[in-house]
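The structure appears below as structure tokens.
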């Protein structure tokens, strides 16, 4: 076992994890692009709205882990980096007991809900027996998903995201193919097919990731005798800070289908969800690249190397913003035309202003892609989490009022305001933790990208006005023209000679 990792080893793992995460993101994006129009047309607007409502209910179940999932990742990383094998055994074993109990409780709660299908939908969309069957399958799924967190969290803490990502790439492709072929032959099985395939995917992950943990020599053998109440309390103490952040996310995201369904109708949910989904996919690129950073930063705390952490945070923030800041610009010019081609003019017209408002929130969020990661790695995210929870709680009644006054746009305004406020708070607290000013942060990680972003916007607008083509071809050409200019501008204006030489050497080495 390697008790301590060198910095170069950490960077190699970070690169591998980021590349595989980006590959998973790309595959998920393609799969969603292909399968979403098929699902909307097969299920219909109303039943698709029901699916989103059920997913929101299941999403809320995630808070039952009390933040122990993120805590597991962080504590596995620090104990492994410090070489404390005994503590690692106690952490994993204690988490196993916890997730077995929580999984049983969550499954029981969903099974109980299945007895009251009319709480999900009124009669006319699906039969009560049908909704009950869907909820029972979800109950089994949740009962498996919580214990699965032990294996995924342990592998993430050891910075083996690549195994998770590669497995999920295969499952995403297989799941999409199965959804298509089954629903073509049995279109009335819609919701049951979707949840049954999710269940099959989780079972496969349980086998693959469980085997990886059990047979890895760096991970002590799982034994419930190694569990410790002291260790569990430490996980809970960290987790209670994370649970507030998780609940904030659920309130702001998962509550919107309930708000829209109750105020505007189930059939209106899809017109909000699809623009928001584009925001999630745009955000997903930088998230996929930066997801391994929490255990990566935690390893610096494990070695007590704060100077290197500060430098690494600023560098990775700049690197992530190269991607994250470009996404709002791309969606501003291509989002509505894309939805029109993807789902139809009806969805583009109904979701146009929702898209524009949500892009503003995405732009604010894209400026701080890395703040929460360092706070979680430092175990200093408690105050931020509670403030985010307060903002998200206020977002729900604001969305209800907005829906009554301005329809879907009012809901989008409430979400945008909450996102912008949360991003500002995260940045201020991360800068305070690392003893730098927000001004220094923007000067070193955001300001260098201002000129390339302006070039990207000008090129995309010009291509949109003057290209003599339409449809997907025009959208692709817009992105290619704008993206090429953006990359060239970053190469010429942002990277110094040393960085250019290093990149060229790596490219030559790959070829």
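Numbering (the working numbering), first residue to last: 44 to 554.
The beta-carbon is built from N, C-alpha and C at its ideal position, and this holds for glycine as well.
Taking all protein chains in view, the Cβ of residue 521 is crowded by 16 or more other Cβ atoms within 10 Å, so the residue is classified as buried. Between residue 301 and residue 99 the beta-carbon gap is near 6 Å, inside 8 Å, which marks them as a contact. Here the alpha carbon of residue 286 sits roughly 11 Å from the alpha carbon of residue 424. The distance from the Cβ of residue 398 to that of residue 318 is about 4 Å, consistent with a contact at the 8 Å cut-off. DSSP places residue 125 in the coil class of the three-state scheme, outside both helix and strand. Distance from the Cα of residue 90 is smallest, within the candidate group 374, 313, 201 and 458, for 313. Proximity to residue 321 across 289, 253 and 394 peaks at 394, based on C-alpha coordinates. When rounded, the separation of the alpha-carbon atoms in residue 127 and residue 278 is 16 Å. Shown here for residue 179: same chain residues with a beta carbon closer than 7 Å to its own, the five before and five after excluded, namely 154 and 157 in chain order. By the neighbour-count criterion, in which 16 or more other beta carbons inside 10 Å mark a residue as buried, residue 93 falls on the buried side. Remark: C-beta atoms of residue 110 and residue 272 do not approach each other more closely than 8 Å.
At a Cβ-Cβ threshold of 8 Å, residue 453 and residue 445 count as neighbours.
The beta carbon of residue 533 sits closer than 7 Å to those of 365 and 495, all from its chain and outside the five residues before and after it, given in chain order. Straight-line measurement puts the Cα of residue 132 at about 20 Å from the Cα of residue 204. For residue 195, the uninterrupted alpha helix (DSSP H) segment begins and ends at 171-200.
Taking a C-beta distance under 8 Å as the contact criterion, residue 186 and residue 149 qualify as a contact pair.
Taken through DSSP and simplified to helix, strand or coil, residue 120 comes out as helix.
Excluding the 5 residues flanking it on each side, residue 471 has same chain C-beta neighbours closer than 7 Å at 481, in chain order. Cα atoms of residue 121 and residue 134: separation of roughly 11 Å, rounded to the nearest angstrom. Considering only 265, 493, 374 and 216, the residue with the shortest C-alpha distance to residue 68 is 216. Look at residue 443 here: in three-state DSSP terms it is helix. Nearest Cα to residue 104 within the set 292, 269 and 264: 292. For residue 236, the uninterrupted alpha helix (DSSP H) segment begins and ends at 233-257. The distance from the Cβ of residue 196 to that of residue 116 is about 5 Å, consistent with a contact at the 8 Å cut-off. Approximately 19 Å separates the beta-carbon atoms of residue 526 and residue 384; this is outside 8 Å, ruling out the contact. Sequence-distant Cβ neighbours of residue 517 in its own chain, meaning closer than 7 Å and more than five residues away, are 510. Counting only runs that start and end inside the region 494-543, there is no beta strand (DSSP E) element of at least 3 residues.
CA-CA distance, residue 284 to residue 208, rounds to 27 Å. In the three-state DSSP reduction, residue 303 falls in the helix class (H, G or I). Judged by DSSP in its simplified three-state form, residue 310 adopts helix. In the same chain as residue 415, and ignoring 5 residues on each side of it, the C-beta atoms closer than 6 Å to its own belong to 469, in chain order. Within the same chain, and ignoring the five residues on either side of residue 118 in sequence, the residues whose Cβ sits closer than 6 Å to its Cβ are 134. Each residue's CA atom was taken as its position, placing residue 369 and residue 64 some 19 Å apart. In the three-state DSSP reduction, residue 413 falls in the coil class, being neither helix nor strand. Between the C-alpha atoms of residue 327 and residue 388 there is a straight-line separation of about 25 Å.
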